[in-house]
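S.K.: If you scroll down you'll find the structure; I have some questions about it.
In full-length UniProt numbering, the protein residues as written are 1 to 713.
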């Protein structure tokens, strides 16, 4: 019996945001698999990749999460069929970095075999202004303090930060920020394995400024190891069996070894510090130091060879040597500081990388050709300068990706002959050509007239307003001198309250409560309508507005959303309960897979509610019956089916905490313009959904299909 290829990605809440790099990991492994040395993605898992029939990426040009939820009911097929949904972290010009830029380098009769085309910035000493390194650091030499990451840069690049909710429980090195240009540099590198907890350290190396190894230690992970990642880490199960050293031991040793003004150097050092669960204020990240355009980064292996003339991470070795990697990163930083930005820019690293890729493609194509067959014509094809590596690798394996898009759009990198005039034409071509390609990128669009910035602002305001109304309930009437404290306590049992105010415009007082999660508002309507609260029998209802007329339909559809299958919401938890306490309390529930405890994204404090995901839908139904009325540590629990996937919960929180203020005149002007086109937009979105349905149904079994709403940023 043929094995079925499937994707596992059980992420909830804060984990449901992924980066562009994580998306590349998924696409690269799906397209290439182990036979071309691609690694399983770090954040999800594809089972039986060798049985994958193909990969199809559908890009909805300049549409975002905002469009998906504004036209949630119109995206009927998309939301019912696609099993996993993630917020994609914003990135600069995402579609360009997905397709690759249109600029090419062509082979010429020069000593190196390559020269840039006339349209490109030519990196000569007389003209370096367009080099990303010069644009970032200027031309003059500077001390090492000029190259350490600022707090803002650390936040942007995912470094553990003191006081950040994501760094809760992390250990500080207790080094201060009183660094100077003569502060000591230390190279750091870690190897990780995949455990039930996530990425955990298995090996740590630290070298001093002279390259002397101060620490090279194996570390025993706390959780059960799922994958030793031996091909990269070089660490095996056998190696870790006798190891007694734990992460806490390494943290203690590093704190003792590093002087107060130490500057840590590493390549994508944020991942090492996250795995070490440590916070350090002074860092130089060589993946950012040797700057590239479009947020791309050079690999450490390439930089070591191009800048230092050293071969590291050799294929003959089993896994990476962290001491070698730490030393290479340190020497790269020292080279940059000693030589200055101008000398580094003159190395023309972008050109060297392209030459290396071309040589690799030539070598692989030569190996693939039968003896006696010429392949010189293929070598004369211009190699793309900045396509993501998985597209380059596809061409190495002889697979040509299919790229289909629409004329009149910024479809950088899409083959000009593959541009069509309408979505219908694109669909027709896709139905014919996708079955012939292992990797396809199909771009649909609503059309330029529907993507104007003022319409986008109007859409945002409408979605924000509707979500606010759905999170809001009115309750009453109450007696004149009712106890507001007891009302807040009773309604707080349904979930975290954003705000509560007394409505005095009515004959008898009412309260207006805005919750932080949709489930809390719905639970209040379902459980407290007609109940006696603060000595009064009250009615609980949502605001009655034109936008809220389809609220009950929307609630029902959200409840049936494929993302919410097997997920329940539980409220009434005491704030003193930790995640460990909850795991223990709920451990008796059958088939419990994941527990997510929402946190305030500013304070990091967890809310009085949680989400439970079960492996089977029936287990979630049984858990609902068991939990309602359940008392935990003296607190009565209430529960219902989940309504908002993790990424939506996070987005609602961000909307609630953005000021969103604009002049009344501007706002109503936008609303009027939007009302004229929104009916057309609904029809267009419905058609797009139908196109996706037709395309998806035409795909072979075991095809991975990804739909992207890349937005405008």
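We put the CB at the ideal spot given by N, CA and C, even for glycine.
In whole angstroms, give me the CA-to-CA distance for residue 517 and residue 307.
M.R.: As a first step, residue 517 must be located in the chain shown, where it is residue number 517. As a first step, residue 307 must be located in the chain shown, where it is residue number 307. Those two C-alpha atoms are separated by around 52 Å.
S.K.: Does the Cβ of residue 575 have 16 or more other Cβ atoms within 10 Å, making it buried, or fewer, making it exposed?
M.R.: Looking up residue 575 in the chain shown gives position 575. So residue 575 ends up on the exposed side.
S.K.: Taking the alpha-carbon positions, what's the residue 665 to residue 470 distance?
M.R.: One-based indexing of the chain shown puts residue 665 at position 665. One-based indexing of the chain shown puts residue 470 at position 470. Because residue 665 carries a pLDDT of 41, less than 50, the predicted location of this residue cannot be relied on, and no value is offered for it.
S.K.: Rounding to the nearest angstrom, what Cα-Cα distance links residue 620 and residue 161 in this structure?
M.R.: For the purposes of this step, residue 620 is taken as the residue at position 620 of the chain shown. For the purposes of this step, residue 161 is taken as the residue at position 161 of the chain shown. The alpha-carbon atoms of residue 620 and residue 161 are separated by roughly 37 Å.
S.K.: Given residue 528, which residues of its chain have a CB within under 8 Å of its CB, disregarding the five upstream and five downstream residues?
M.R.: Working through the chain shown from its first residue, we reach residue 528 at position 528. Excluding sequence neighbours, residue 528 sits near 475, 490, 491, 494, 538, 540.
S.K.: Using DSSP with H/G/I as helix, E/B as strand and the rest coil, what is residue 176?
M.R.: If you number the chain shown from 1, residue 176 lands on position 176. Three-state result, residue 176: coil.
S.K.: Just how far apart, CA to CA, sit residue 107 and residue 345?
M.R.: Your numbering for residue 107 matches position 107 in the chain shown. Your numbering for residue 345 matches position 345 in the chain shown. With a pLDDT of only 28 at residue 107, under the threshold of 50, the placement of this residue in the model should not be trusted, and no figure is reported.
S.K.: Using 8 Å as the threshold, is the region 542-558 in touch with the region 480-487, meaning 3 or more CB pairs across them?
M.R.: Judged by Cβ distances under 8 Å, the region 542-558 makes no contact with the region 480-487, as fewer than three pairs qualify.
S.K.: Determine the closest residue to residue 438 out of 209, 238, 327, 705, with distance taken between C-alpha atoms.
M.R.: For the purposes of this step, residue 438 is taken as the residue at position 438 of the chain shown. It is 705 whose Cα lies nearest to the Cα of residue 438.
S.K.: Kindly indicate which three-state DSSP category residue 571 falls into: helix, strand or coil?
M.R.: To locate residue 571, count along the chain shown from 1; it is residue 571. Residue 571: strand per DSSP, three-state reduction.
S.K.: Among residues of its own chain, excluding the 5 on either side of residue 227, which ones have a beta-carbon nearer than 8 Å to its beta-carbon?
M.R.: Against the chain shown, residue 227 aligns to sequence position 227. Contacts found: 40, 193, 194.
S.K.: Between 707, 521, 172, which has its C-alpha nearest residue 639's C-alpha?
M.R.: Working through the chain shown from its first residue, we reach residue 639 at position 639. The candidate whose alpha carbon is nearest that of residue 639 is 521.
S.K.: With residue 714 and residue 684 assumed to form a contact (beta carbons below 8 Å), what rounded beta-carbon distance in angstroms separates them?
M.R.: Nothing can be reported for residue 714, as the shown portion of the chain is limited to 1 through 713.
S.K.: For the alpha helix (DSSP H) holding residue 55, just list the boundary residues, first then last.
M.R.: Numbered from its first residue, the chain shown carries residue 55 at position 55. Unbroken run through residue 55 is the beta strand (DSSP E), 54-60; no alpha helix (DSSP H).
S.K.: Which word fits residue 140, buried or exposed, when buried means at least 16 other C-beta atoms lie within 10 angstroms of its C-beta?
M.R.: In the chain shown, the residue the question calls residue 140 occupies position 140. Under this definition residue 140 is an exposed residue.
S.K.: Using only CA atoms, which one of 209, 342, 354, 180 lies nearest to residue 327?
M.R.: Translated into positions along the chain shown, residue 327 becomes position 327. Checking every option, the nearest Cα to that of residue 327 belongs to 209.
S.K.: Inspect the CB distances between the region 182-189 and the region 628-638 and report whether three or more fall short of 8 Å.
M.R.: Counting Cβ pairs under 8 Å, fewer than three are found: no touch.
S.K.: Taking the alpha carbon of residue 60 as the reference point, which residue from 49, 75, 317, 508 has its own alpha carbon closest?
M.R.: Mapped onto the chain shown, residue 60 falls at position 60. That would be 75, whose Cα lies nearest to the Cα of residue 60.
S.K.: Counting only runs that start and end within the UniProt domain "RRM" (566-644), where is the alpha helix (DSSP H) found for 4 or more residues in a row?
M.R.: Listed in chain order, the complete alpha helix (DSSP H) runs (minimum 4 residues) inside the UniProt domain "RRM" (566-644) are 579-586, 617-627.
S.K.: Applying the 10 Å Cβ sphere with the 16-neighbour rule, what's the burial state of residue 47?
M.R.: Here residue 47 refers to the residue found at position 47 of the chain shown. The residue in question, residue 47, is exposed, as its Cβ has fewer than 16 Cβ neighbours within 10 Å.
S.K.: Please give the ranges of any alpha helix (DSSP H) in the region 209-247, keeping only runs that are unbroken, at least 4 residues long and fully inside the region.
M.R.: Fully enclosed alpha helix (DSSP H) runs of 4 or longer: 230-233, 237-240.
S.K.: Of the residues 681, 608, 591, 565, which one's Cα is nearest the Cα of residue 645?
M.R.: As a working note, residue 645 is residue 645 in the chain shown. Checking every option, the nearest Cα to that of residue 645 belongs to 565.
S.K.: Can you give the beta carbon distance from residue 49 to residue 29, rounded, assuming they're within the 8 Å contact cut?
M.R.: Taking the chain shown and counting its residues from 1, one reaches residue 49 at position 49. Taking the chain shown and counting its residues from 1, one reaches residue 29 at position 29. Right, their Cβ atoms sit about 7 Å apart.
S.K.: According to DSSP, simplified to helix, strand and coil, what is residue 476?
M.R.: Here residue 476 refers to the residue found at position 476 when the chain shown is read from its first residue. Here residue 476 sits in strand by DSSP.
S.K.: For residue 727, tell me which candidate among 164, 497, 267, 338 has the shortest Cα-Cα distance.
M.R.: No statement about residue 727 is possible, as the shown extent of the chain runs from 1 to 713 and does not include it.
S.K.: Is the distance from the Cβ of residue 323 to the Cβ of residue 213 below 7 Å?
M.R.: As a position in the chain shown, residue 323 is number 323, starting the count at 1. As a position in the chain shown, residue 213 is number 213, starting the count at 1. Yes.
S.K.: Give the straight-line distance between the Cα atoms of residue 613 and residue 277, rounded to the nearest whole angstrom.
M.R.: Looking up residue 613 in the chain shown gives position 613. Looking up residue 277 in the chain shown gives position 277. When rounded, the distance between both Cα atoms is 27 Å.
S.K.: In terms of residue numbering, what span does the beta strand (DSSP E) encompassing residue 285 cover?
M.R.: The residue given as residue 285 occupies position 285 in the chain shown. 283-285 is the extent of the beta strand (DSSP E) around residue 285.
S.K.: Spatial neighbours of residue 463 within its chain, please: CB distance less than 7 Å, with the 5 preceding and 5 following residues excluded, ordered by chain position.
M.R.: Start at 1 with the first residue of the chain shown, and residue 463 comes out as number 463. If we look at residue 463 and ignore the five residues flanking it on each side, its Cβ neighbours are 66, 69, 70.
S.K.: Over the uninterrupted alpha helix (DSSP H) stretch that includes residue 552, give me the two end residues.
M.R.: Taking the chain shown and counting its residues from 1, the one referred to as residue 552 is at position 552. Its alpha helix (DSSP H) spans residues 551-560.
S.K.: Please name the residue or residues paired with residue 788 in a DSSP beta bridge.
M.R.: Lying outside 1 to 713, the shown extent of the chain, residue 788 is not represented and no answer is given.
S.K.: I'd like to check one pair, residue 64 with residue 709: are the Cβ atoms closer than 7 Å?
M.R.: Indexing the chain shown from 1 puts residue 709 at position 709. Indexing the chain shown from 1 puts residue 64 at position 64. In contact: residue 709 and residue 64 (Cβ atoms closer than 7 Å).
S.K.: Tell me whether the beta-carbon of residue 173 lies closer than 7 Å to the beta-carbon of residue 247.
M.R.: Position 173 of the chain shown, counted from the start, is the residue given in the question as residue 173. Position 247 of the chain shown, counted from the start, is the residue given in the question as residue 247. No.
S.K.: Among the residues of its own chain, which have a CB less than 8 Å from the CB of residue 515, if the five just before and after it don't count?
M.R.: Translated into the one-based positions of the chain shown, residue 515 becomes position 515. Cβ neighbours of residue 515 beyond the five flanking positions: 471, 472, 473, 494, 495, 496, 497, 498, 521, 524.
S.K.: Determine the closest residue to residue 201 out of 252, 271, 238, 134, with distance taken between C-alpha atoms.
M.R.: Locating residue 201 in the chain shown gives position 201, where the first residue counts as 1. Comparing Cα-Cα distances from residue 201 to each of 252, 271, 238, 134, the minimum goes to 271.
S.K.: Is the CB-CB distance between residue 303 and residue 290 below 7 Å?
M.R.: Reading the chain shown from its first residue, position 303 is the one you call residue 303. Reading the chain shown from its first residue, position 290 is the one you call residue 290. Yes, the Cβ-Cβ distance between residue 303 and residue 290 is below 7 Å.
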